[in-house]
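What follows is one structure encoded as structure tokens, with my remarks underneath.
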Amino acid sequence: MSPIRLSDLAFTLEAVVDQQFGGKAVWVVAETSDIKNYPDRNYCFLTLVERETGSAGQQETLAKLEACIWRRNYHTIREFETATGVAFARNIKLLLLVSVGFNPVYGLRLEILKIDPSYTLGNLERERQAVLDALLRDHPDLIWQEAGQYITANQLLPRPTVMQRLALITAPNSDGWRDFRHELQTNPFGYAFQVDEYLTQVQGQGAEKAICDQLQRIQNSAIPYDAVIMVRGGGSQLDFGSFDTYQLGHTVAGFGIPVLAGIGHERNVSITDLLCHQSVKTPTKAAAFLIEHNRRFEEGCLHLGDRLTGAVRDALQNARERLDSDTERFRFVLHTYFRDRHSELTEKAVTIRHLDPSNVLKRGYALLLRNGRIITKAADLQPGDNAQLQLSDGLLDVIVSQPADDLPASSQPTT
1 MSPIRLSDLA
11 FTLEAVVDQQ
21 FGGKAVWVVA
31 ETSDIKNYPD
41 RNYCFLTLVE
51 RETGSAGQQE
61 TLAKLEACIW
71 RRNYHTIREF
81 ETATGVAFAR
91 NIKLLLLVSV
101 GFNPVYGLRL
111 EILKIDPSYT
121 LGNLERERQA
131 VLDALLRDHP
141 DLIWQEAGQY
151 ITANQLLPRP
161 TVMQRLALIT
171 APNSDGWRDF
181 RHELQTNPFG
191 YAFQVDEYLT
201 QVQGQGAEKA
211 ICDQLQRIQN
221 SAIPYDAVIM
231 VRGGGSQLDF
241 GSFDTYQLGH
251 TVAGFGIPVL
261 AGIGHERNVS
271 ITDLLCHQSV
281 KTPTKAAAFL
291 IEHNRRFEEG
301 CLHLGDRLTG
311 AVRDALQNAR
321 ERLDSDTERF
331 RFVLHTYFRD
341 RHSELTEKAV
351 TIRHLDPSNV
361 LKRGYALLLR
371 NGRIITKAAD
381 LQPGDNAQLQ
391 LSDGLLDVIV
401 SQPADDLPAS
411 SQPTT
């Protein structure tokens with residue numbers, strides 16, 4: 001067989017491809033690789049590959065073709081990113097509508113006409129669910145499900161009453177770093193926060209390991225942080241793949257300090273969001289969460305102070321009322337006591353006046369005295385003794401003539 005010119009072979013291939021695929025579009029499943037994107041010029045070159053895991057567990061390439069997206073279809077990239085929230089980057093599995101062409105100079109090339117975002121979303125969700133299932137299977141002590149919700153050891157850590165000592169993981173000089181710091185520093189309550197920065201890459205290739213390394217640094221520091229804050233902002237609004245990984249999910253779920261994530265994803269929830277202690281949408285909201293948490297503590301203290309003040313005030317008022325009541329009762333008791341004692345004294349005074357010897361003498365009684373002593377017994381006197389007889393109007397001297405026992409019965413007093 002005689003040789004043919006290269007151009008003849010190329011033209012033949014062009015004709016065969018055109019005959020087979022000319023004027024047709026084909027849906028193809030492939031994975032992106034080696035992307036050269038020129039958004040300012042509205043075109044993109046990339047390599048599409050198909051891989052499978054071989055018998056040795058290694059990824060083997062089954063097919064590889066060059067592809068392009070020209071200006072007329074460049075909008076499909078933006079539509080894909082908007083629909084999925086995923087950056088058009090390497091290692092994404094896509095369902096593509098392509099036309100097949102062969103150029104004698106540039107060879108076989110696919111032109112991408114459309115990207116189906118629903119396929120990628122479904123595939124990403126399957127991959128994401130596979131990661132979650134693996135975490136549940138491999139670490140049941142750290143991650144489990146209750147009523148369809150993921151529960152982790154990190155979520156169950158007690159939240160400090162006041163959160164002030166913070167470890168911040170973020171990219172240096174990023175918008176997320178600035179937004180978080182500004183929100184804390186300008187809080188209207190004047191709360192102070194001590195923030196130690198652990199600056200690192202938080203998106204792109206290698207971000208997963210970089211973030212895990214910073215978490216390890218925080219753990220090794222033995223500093224008693226109240227919380228670890230993980231924020232992201234200012235970069236691509238689409239590159240969140242590092243927060244959907246097995247390694248970071250495992251590290252966050254079992255981390256010994258509450259992890260707060262504010263990674264800037266407005267629509268989707270990452271694996272890190274699901275497994276961390278608390279998830280918010282943005283760095284600003286992460287700072288606002290901390291401020292509000294501390295504000296609730298202060299309000300609780302103020303409320304407790306108000307309750308304590310009220311309790312003391314009520315106790316004093318009750319004591320004052322009891323004192324007033326006791327005082328009034330004491331006055332009444334004292335008044336009654338003195339009134340009763342006055343009545344008793346009055347009665348006794350009447351009795352005393354009635355028994356006063358001067359009054360008794362006025363009633364016809366007399367006192368017999370001898371040497372100034374009152375004589376109460378007849379045996380105390382002998383006949384011939386001198387005595388005095390005290391009457392109401394004076395004193396008489398008398399001489400005892402005989403004892404009373406010697407008096408005739410007729411002279412004895414009779415009743």
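Residue numbers (the UniProt record's numbering): 1 to 415.
The beta carbon of each residue, even a glycine, is placed where N, CA and C say it ideally should be.
Values in this document were obtained by computation on a predicted structure and should not be read as measured data.
The DSSP-derived three-state label of residue 150 is strand.
Taking one beta carbon from each stretch, the region 287-295 and the region 179-194 have 3 or more pairs nearer than 8 Å; the two touch.
Exclusion of the five residues before and after residue 120 leaves 80, 84, 86, 92, 93, 94, 95 as the residues of its chain whose Cβ lies within less than 8 Å of its Cβ. Its Cα nearest to that of residue 254, the residue 135 stands out among 390, 370, 135, 367.
Under the DSSP definition of a beta bridge, residue 126 lacks any partner.
Scanning 75, 118, 5 for the CA closest to the CA of residue 29 turns up 118.
In the three-state reduction of the DSSP assignment, residue 77 falls in the helix class, which pools H, G and I. Taken atom to atom, the span from the alpha-carbon of residue 76 to that of residue 206 is near 28 Å. Comparing C-alpha distances from residue 110 to each of 155, 39, 25 shows the shortest one belongs to 25.
The C-beta separation of residue 257 from residue 243 comes to about 18 Å, leaving the pair out of contact by the 8 Å criterion. Beta-bridge pairing by DSSP links residue 279 to 261.
In this structure the region 145-155 lies against the region 269-285, because at least three pairs of beta carbons, one per stretch, are closer than 8 Å. Contact between residue 361 and residue 390 holds: CB atoms are separated by about 7 Å, below the 8 Å threshold. Taking a C-beta distance under 8 Å as the contact criterion, residue 251 and residue 212 qualify as a contact pair. In terms of CA proximity to residue 27, 99 leads the group 45, 18, 99, 6. In the three-state reduction of the DSSP assignment, residue 207 falls in the helix class, which pools H, G and I.
Between the beta-carbon of residue 370 and that of residue 385 there is about 6 Å, and that keeps the pair under the 8 Å contact cut. Residue 386 is bridged by DSSP to 399.
Annotation: the continuous alpha helix (DSSP H) that includes residue 253 extends over 246-253. Within the DSSP secondary-structure output, residue 370 pairs in a beta bridge with 373. In the structure shown, residue 177 adopts helical secondary structure according to DSSP, grouped into three states. Sixteen is the threshold: when 16 or more other Cβ atoms of the shown chains lie within 10 Å of the Cβ of residue 284, as they do, the residue is buried.
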